[in-house]
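Peer 1: Sharing a structure here in structure tokens format.
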Amino acid sequence: MKLLFTPLFVFTSIVSHQAQAQQLYSTGARAAALGGAAVALPDLWALQNNVAGIAGLEQPQAGAYVENRFGIQAFTTVALQAVLPTEGYGSYGLSVSRFGDELYSQQHIGLGVAHRLGQFSLGVKADVWQVAVKSYGSEKGVALSVGGQGEIVPNLYVGAYAFNLNQAKLSAFEDERLPTVMKAGLAYRPAPKLLLIAETEKDIDYDASFKAGIEYQVLKDKLALRTGFNTLINKLTFGAGFQARQLNVAYAFGSTTLLGFSHHLSVAYQFDQ
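Under the working numbering, residues 1 to 273 are what the sequence shown spells out, in order.
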């Protein structure tokens with residue numbers, strides 16, 4: 001599969017391999033507004049950001065996420081996720097997503113499970129990824145990932161996640177593989193309405209990057225204001241989230257000096273159990 005000879009792949013190489021790789025494991029407008037720092041957050045989108053986080057959910061949830069980078073239609077991601085918590089048997093999640101267009105696309109379906117053990121939670125996830133390039137066909141790979149989250153001391157949380165530990169191979173051509181990425185971070189709540197979060201991320205083939213963000217709750221916790229940054233491509237991010245009973249809507253946008261703006265929208269619904 002000669003990815004290097006497609007015009008879109010050449011362009012994504014300019015953006016950088018790492019930025020493109022984030023399509024594989026980072027989801028949700030909340031995470032996007034916080035610079036991508038989400039490894040220590042327990043929410044619906046943890047199914048893709050750090051599967052251990054779904055153990056923190058008490059009610060079934062489902063959501064949809066749409067992302068567009070740089071105003072280019074080919075750089076659009078659409079994702080659906082659902083999580084079902086059980087009493088004493090862990091939380092189970094299903095995720096699907098698609099990125100790209102008819103020239104180049106990434107698609108996945110994944111299953112995850114997480115279990116809470118006291119103040120900590122552990123999770124595992126399996127994703128089947130398909131990468132398709134027009135005129136060259138498609139290849140599939142299965143990525144196995146593991147994660148953990150926990151409260152170290154009151155109001156201080158830690159998270160760690162390893163995506164694609166098995167280094168899944170997509171093609172024998174130039175040993176084409178899904179990226180293997182490790183990330184770890186902290187989330188601290190110095191006040192009930194304020195959250196500070198930071199993490200570092202390392203693709204095993206590239207230098208480490210740093211991400212951090214701030215979230216502040218206003219209007220009786222119905223509105224959250226967020227901002228962050230990501231050193232991967234010198235990106236500043238901003239966003240907001242709105243909670244209306246069982247419905248949560250979040251929006252984020254980011255700016256890079258090289259390529260312009262990216263936009264992120266997620267909608268999640270919490271069901272009565």
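Note that CB positions come from ideal geometry on N, CA and C, so glycine has one too. Since the model is a prediction, treat every value here as computed from it, not as a measurement.
State yes or no: is the C-beta of Y104 nearer than 7 Å to some heavy atom of the ligand SAH?
Peer 2: Looking for the ligand SAH in the displayed structure turns up nothing, as the structure carries no ligands at all.
Peer 1: Return the CA-CA distance between G254 and G93, expressed in angstroms with no decimal places.
Peer 2: Here residue 254 refers to the residue found at position 254 of the sequence shown. Here residue 93 refers to the residue found at position 93 of the sequence shown. Approximately 28 Å between the Cα atoms of the pair.
Peer 1: So, is D207 buried or exposed, given that buried needs 16 or more other C-beta atoms within 10 angstroms?
Peer 2: If you number the sequence shown from 1, residue 207 lands on position 207. D207 is exposed by the Cβ-count criterion.
Peer 1: Return helix, strand or coil for G159, following the three-state DSSP convention.
Peer 2: Taking the sequence shown and counting its residues from 1, one reaches residue 159 at position 159. Reduced to three states, the DSSP call for G159 is strand.
Peer 1: Just to confirm before moving on: does the CB-CB distance between A64 and S262 stay below 8 Å?
Peer 2: As a working mapping, residue 64 is identified with position 64 in the sequence shown. As a working mapping, residue 262 is identified with position 262 in the sequence shown. No, these two residues do not count as a Cβ contact at 8 Å.
Peer 1: Within the chosen definition, does the segment 109-123 reach the segment 47-66 through at least 3 CB pairs nearer than 8 Å?
Peer 2: Counting Cβ pairs under 8 Å, three or more are found: they touch.
Peer 1: Of the choices L194, T200, A33, whose alpha-carbon is the least far from that of K220?
Peer 2: On the sequence shown, position 220 is the one that residue 220 refers to. That would be L194, whose Cα lies nearest to the Cα of K220.
Peer 1: Is the number of C-beta pairs between the segment 188-203 and the segment 34-46 that are closer than 8 Å three or more?
Peer 2: Yes, the segment 188-203 is in contact with the segment 34-46.
Peer 1: Once the 5 residues before and after F271 are set aside, which same chain residues still bring their CB inside 8 Å of it?
Peer 2: Within the sequence shown, numbered from 1, the residue matching residue 271 stands at position 271. These residues qualify, in order along the chain: Q59, P60, Q61, A62, Q246.
Peer 1: Under the assumption that S145 contacts A162 (Cβ atoms under 8 Å), give the Cβ distance between them as a whole number of angstroms.
Peer 2: Reading the sequence shown from its first residue, position 145 is the one you call residue 145. Reading the sequence shown from its first residue, position 162 is the one you call residue 162. Contact holds; Cβ gap of about 6 Å.
Peer 1: Considering Cα atoms alone, identify which of L232, L84, S95, E176 is closest to K351.
Peer 2: In the structure as shown, the chain begins at 1 and stops at 273. Residue 351 is therefore absent and cannot be evaluated.
Peer 1: What are the residues that DSSP puts in a beta bridge with Y269?
Peer 2: Taking the sequence shown and counting its residues from 1, one reaches residue 269 at position 269. Beta-bridge pairing links Y269 to A62, L247.
Peer 1: Just list the residues that DSSP pairs W45 with in beta bridges.
Peer 2: Counted from its first residue, the sequence shown places residue 45 at position 45. Bridge partners of W45: none, in fact.
Peer 1: From the DSSP output, read off the bridge partner residues of L219.
Peer 2: Position 219 of the sequence shown holds residue 219. L219 is not bridged to any residue.
Peer 1: Return the first residue and the last residue of the beta strand (DSSP E) that A82 is part of.
Peer 2: Sequence index remark: in the sequence shown, residue 82 carries index 82 (1-based). Its beta strand (DSSP E) spans residues 76-85.
Peer 1: In angstroms with no decimal places, state the Cα-to-Cα distance between L259 and S95.
Peer 2: Here residue 259 is taken as the residue at index 259 of the sequence shown, counted from 1. Here residue 95 is taken as the residue at index 95 of the sequence shown, counted from 1. In a straight line, the C-alpha of L259 is about 29 Å away from that of S95.
Peer 1: Measuring straight from C-alpha to C-alpha, what distance separates L236 and A31?
Peer 2: In the sequence shown, counting from the first residue as 1, residue 236 sits at position 236. In the sequence shown, counting from the first residue as 1, residue 31 sits at position 31. Using only the alpha carbons, I get a separation of about 13 Å.
Peer 1: Taking the continuous alpha helix (DSSP H) assigned at A31, which residues delimit it?
Peer 2: On the sequence shown, position 31 is the one that residue 31 refers to. Unbroken alpha helix (DSSP H) run through A31: 29-33.
Peer 1: Using a Cβ-Cβ cutoff of less than 6 Å, which residues in the same chain neighbour N230 once the five nearest sequence positions on both sides are dropped?
Peer 2: Numbered from 1 along the sequence shown, position 230 holds the residue referred to as residue 230. Around N230: G35, G36, K211.
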